[in-house]
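Okay, structure first, notes after.
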Amino acid sequence: EYFAYFLSKYLRIPYGPLLYLKKEIKAQKALSYKERELNVLNAFEVIKKEDRYIENILLVDDVYTTGSTLRECVRTMRESLKLDRVYVFTAVRALI
634 EYFAYFLSKY LRIPYGPLLY LKKEIKAQKA LSYKERELNV LNAFEVIKKE DRYIENILLV
694 DDVYTTGSTL RECVRTMRES LKLDRVYVFT AVRALI
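The sequence shown runs 634 to 729 under my numbering.
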């Protein structure tokens, strides 16, 4: 979250949380590719704000390993928000 905050300041774009974790999930690092996908399935929900209009989003994550978490976040946002584009930025690309 700190990373996203400082990146938004540097890029001069609005910052704020759009998703929350609605169910408890296991730590991803100990799971296989398939287990990671199932672990985060339907785990997120968009924070509803009636006055919110968003065309484009920059989704920031600290570590990209399999992409399971990011894919689920993007899927959740696309179902709830009318988005033109979703951009993704990660600080680290990890290999499993």
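Here a beta-carbon is modelled for each residue, glycine too, at the ideal position from N, C-alpha and C. Just so we're clear, the structure is a prediction, and the values are computed from it rather than from any experiment.
Can the beta-carbon of residue i be found closer than 8 Å to that of residue j?
| i | j | result |
| --- | --- | --- |
| Glu-678 | Leu-716 | no |
| Asn-701 | Val-673 | Correcting the residue identity first, residue 701 is Ser in this sequence and not Asn. Yes, Cβ-Cβ distance for Ser-701 and Val-673 is below 8 Å. |
| Leu-652 | Thr-699 | no |
| Val-696 | Ala-727 | yes |
| Val-725 | Leu-703 | no |
| Pro-647 | Ile-680 | no |
Who are the Cβ neighbours of residue i in its own chain at under 7 Å, not counting the five residues just before and after it?
| i | result |
| --- | --- |
| Asp-655 | Looking at the sequence itself, residue 655 is Lys, so the reference to Asp does not match. Closer than 7 Å at the Cβ level, and outside the excluded window around Lys-655, lie Ala-676, Phe-677, Glu-678. |
| Cys-706 | Leu-652, Phe-677, Leu-692 |
| Glu-634 | none |
| Phe-636 | Val-693, Asp-695, Ala-724 |
Run through the DSSP bridge pairs and tell me what residue i is partnered with.
| i | result |
| --- | --- |
| Tyr-653 | Glu-678 |
I'd like the list of long-range same chain contacts for residue i, defined as Cβ closer than 6 Å, with 5 residues on each side in sequence excluded.
| i | result |
| --- | --- |
| Tyr-666 | Thr-699 |
| Gln-661 | Arg-669 |
| Tyr-638 | Tyr-648 |
Leaving out five residues on either side along the sequence, give the residues of the same chain with a beta carbon under 8 Å from the beta carbon of residue i.
| i | result |
| --- | --- |
| Leu-664 | Asn-672 |
| Lys-642 | Tyr-648 |
| Thr-723 | Val-693, Asp-694, Asp-695, Val-696, Tyr-697, Leu-703 |
| Arg-711 | Val-719 |
(request) Please go through the stretch 688 to 728 and give each complete alpha helix (DSSP H) segment of 4 or more residues, from N-terminal end onward. (result) The qualifying runs are 701 to 713.
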